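Respectively, the protein sequence lines represent chains A and B. Each residue of the first sequence is one higher than the one before, counting from 69 in the numbering used here. Each residue of the second sequence is one higher than the one before, counting from 69 in the numbering used here. Each residue gets a CB set at the ideal place from its N, CA and C atoms; glycine is no exception. Predicted model only: the values in this text are computed from it and were never measured. The structure appears right after this line, and notes come after that.
2 protein chains.
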Amino acid sequence: METNPIKILIADDEPDIIEIISFHLNKAGYEVETAKDGSEAIEKAKQFNPDCIILDIMMPKRNGFEVCEFLRSNKQFDKTLIVLLTALNDEASHIKGLELGGDDFINKPISPKVLVSRISALFRRIQPATSETKTLQIKDLIIDSEQYKTILNGVVHVLAKKEFELLYLLAAQPGRVFLRNEILSQVWGNDVIVGDRTIDVHIRKIRVKLGIECITTVKGVGYKFDY
Amino acid sequence: METNPIKILIADDEPDIIEIISFHLNKAGYEVETAKDGSEAIEKAKQFNPDCIILDIMMPKRNGFEVCEFLRSNKQFDKTLIVLLTALNDEASHIKGLELGGDDFINKPISPKVLVSRISALFRRIQPATSETKTLQIKDLIIDSEQYKTILNGVVHVLAKKEFELLYLLAAQPGRVFLRNEILSQVWGNDVIVGDRTIDVHIRKIRVKLGIECITTVKGVGYKFDY
DNA sequence: AAATCTAGTTAACAATAAATTAATATTATA
DNA sequence: TATAATATTAATTTATTGTTAACTAGATTT
Chain A
69 METNPIKILI ADDEPDIIEI ISFHLNKAGY EVETAKDGSE AIEKAKQFNP DCIILDIMMP
129 KRNGFEVCEF LRSNKQFDKT LIVLLTALND EASHIKGLEL GGDDFINKPI SPKVLVSRIS
189 ALFRRIQPAT SETKTLQIKD LIIDSEQYKT ILNGVVHVLA KKEFELLYLL AAQPGRVFLR
249 NEILSQVWGN DVIVGDRTID VHIRKIRVKL GIECITTVKG VGYKFDY
Chain B
69 METNPIKILI ADDEPDIIEI ISFHLNKAGY EVETAKDGSE AIEKAKQFNP DCIILDIMMP
129 KRNGFEVCEF LRSNKQFDKT LIVLLTALND EASHIKGLEL GGDDFINKPI SPKVLVSRIS
189 ALFRRIQPAT SETKTLQIKD LIIDSEQYKT ILNGVVHVLA KKEFELLYLL AAQPGRVFLR
249 NEILSQVWGN DVIVGDRTID VHIRKIRVKL GIECITTVKG VGYKFDY
């Protein structure tokens, strides 16, 4: 079982806030990524796939509400905690934030220690649900074998069974070259006999469906995942 | 064991607060019980077995911290949400409350609407994790295993036993692909032998009865709930 | 008890998607 | 450049699932 650190994305346009919150979250053992506005928050979220996103309401480009709404409409972020921060201390925003799918709503000025406490409290509560060992993630590419789907930059790509299994095999060990024989025995099984071009065709379909260069041909040897 | 309307216990020594919070929680569909001090809160908690307990910090007999600590040391209240209320707006109490196992910490004066919002947000997040919940809700689809019926958009759809159990199995873990074998052993049992098309026919009946696309076929693998 | 339901299953066939092949083009490298 | 390996494309085959209707065994009603 992999024990990756819990990942948190902070989006705020005030560098001071980002810095102090990052510092405290890091100290508490979280892996932190940052964004300075709403658009960057969405971009980073897709790539970083955080377990929790802290959103300032008042941000340039897209405000916290808009980002929250977007995240909640995207299946990739189903299980992602969203914490909203704001200097506005009004009831309506508070309720709106929670109704848009926020998990916590905190008024500024906020003590970093309290923020960290609140976030741990949230994680403590959802802990049992967060134990995904069957999911690979390489940058903005998520390969989820429990759901049999791949998400690239927030977009779901449905691969057929063999395609998926082939991609999963390669991506589980990025950089390692798999011989054609290895691929055949792992994905097709030892007793199955298929023609020369079968692997190539499947590789091609993966390349076309994902639209990125993530599988490299090592001529005369085999293929490797390289992204 | 949880029963259907979500139960909330409020403990506060100020009758006015109790009254106004009860009113709003009731209106939001929760079943409410009250206690006027810490000792009564513990007693009532044992009897009433609430899903959520709202505790004022400053109470006679035993204060909110003490009650929280007691509840958290008792397995009966493992999954019970604890919300702490206080007029003291100091960082140390806030952190202490969360560290003692509180799920939320709210400063008075509190708007009842905000309180209700925060509590629904907590439940929304917790629901999927609680395996003992008998009623699933995914968007406008409610799957009630006590009554063996599903409600979609307010309209009741009666599924037969096998249909219901199949839907329930899938919907309990949305997105997860269930292999045909898993479905067979979970719904039909390990020793039952049925033909190839039995699952398909049941899936079809669910699809027809509900009239929505909520079960996705993953060809060569199985089925998943996806709505 | 006979008739009528109902859920569950099966079987035959249709429809669909996936996997494979085959033919040809392209590429890398000895 | 020659050639072996891989890429590409479309056609074909195969596997899997969808659909329908009929059948069976219990339950329920008359």
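List the residues of chain B whose Cβ lies closer than 7 Å to the Cβ of H159/A, in chain order.
Looking at the sequence provided, one finds Glu at residue 159/A rather than His. The contacting residues are S179, K181, V182.
Is the Cβ-Cβ distance between M126/B and G106/B less than 7 Å?
Their beta carbons are not under 7 Å apart, which means M126/B does not touch G106/B by this criterion.
Which stretch, first to last residue, makes up the alpha helix (DSSP H) that contains T266/A?
From DSSP, the alpha helix (DSSP H) with T266/A extends over 266 to 278.
If contact means a Cβ-Cβ distance below 9 Å, which residues of the segment 223 to 247 of chain A contact chain B?
Correct list: V226, A228, K229, K230, F232.
Jot down the residue ranges of each uninterrupted alpha helix (DSSP H) in the segment 122 to 208 of chain A, minimum 4 residues, whole runs only, in chain order.
You should have 132 to 140, 159 to 167, 180 to 194.
Sorted by chain position, which residues of the same chain lie with C-beta nearer than 6 Å to G170/A's C-beta, five sequence neighbours on each side aside?
Cβ within range, chain order: C136, I150, L152.
Under a three-way DSSP split, which group does I88/A fall into?
Residue state, collapsed to three classes: helix.
Can you name, in chain order, every residue of its own chain whose Cβ lies under 8 Å from the Cβ of N94/A, other than the five neighbours on each side?
So the list reads V100, once near-sequence residues are dropped.
Might you give, ordered along the chain, the residues of its own chain that have their beta carbon closer than 7 Å to the beta carbon of K164/A, omitting 5 neighbours on each side?
So the qualifying residues of the chain are F133.
For chain A, find out if any of its Cβ atoms is closer than 7 Å to the Cβ of D171/B; answer yes or no.
Chain A, which has a Cβ nearer than 7 Å to the Cβ of D171/B, makes this yes.
Evaluate the contact criterion for the segment 255 to 264 of chain A versus the segment 201 to 214 of chain A: three or more CB pairs, one atom per stretch, below 8 Å.
Touching, no, given that fewer than three Cβ pairs across the two stretches are closer than 8 Å.
Determine contact between the segment 270 to 278 of chain A and the segment 234 to 243 of chain A, defined as no fewer than three beta-carbon pairs at a distance below 8 Å.
Contact between the segment 270 to 278 of chain A and the segment 234 to 243 of chain A is present, because at least three Cβ pairs lie under 8 Å.
With a threshold of 6 Å on Cβ separation, who are the neighbours of H162/A within its own chain once the five nearest residues in sequence on each side are excluded?
Answer for H162/A: F173, listed in chain order.
Under 8 Å Cβ to Cβ from I76/A, same chain only, skipping five residues before and after it: list those, please.
Closer than 8 Å at Cβ, skipping near neighbours: L93, Y98, E99, V100, E101, P118, D119, C120, I121, I122, I187.
Within 10 angstroms of the Cβ of T285/A, are there 16 or more other Cβ atoms? Answer buried if so, exposed if not.
Label assigned to T285/A: exposed.
Look at G290/A and R248/A and say whether their C-beta atoms are less than 7 Å apart.
Going by C-beta atoms, G290/A is nearer than 7 Å to R248/A.
Which residues mark the beginning and the end of the beta strand (DSSP E) in which L77/A is found?
Per DSSP, L77/A belongs to the beta strand (DSSP E) from 75 to 79.
In whole angstroms, what is the alpha-carbon distance linking R193/A and A239/B?
Each residue's Cα considered, the two are about 21 Å apart.
If you reduce the DSSP assignment to three classes, tell me which class Y216/A lands in.
If DSSP states are grouped into helix, strand and coil, Y216/A belongs with coil.
From the DSSP output, which residues share a beta bridge with A228/B?
None; A228/B has no bridge partner.
Give every residue of the same chain whose Cβ lies closer than 7 Å to the Cβ of P180/A, excluding the five residues on either side of it in the sequence, and list them in chain order.
Closer than 7 Å at Cβ, skipping near neighbours: I88, I89, H92.
Along the chain, where does the beta strand (DSSP E) that runs through I283/B open and close?
Note, I283/B: beta strand (DSSP E), 283 to 286.
Ignore the nearest five residues each way along the sequence and tell me which others in L190/B's own chain have a CB closer than 7 Å to its CB.
Here the set comprises L149, D171, D172.
Output needed for H225/A: all residues of its chain with C-beta closer than 7 Å, excluding positions within five of it in sequence on either side, in chain order.
Only T218, K277, L278 meet the Cβ criterion.
Identify the contact partners of H92/B in chain A, using a Cβ-Cβ distance below 8 Å as the criterion.
Result: empty, since nearest Cβ-Cβ is about 12 Å, beyond 8 Å.
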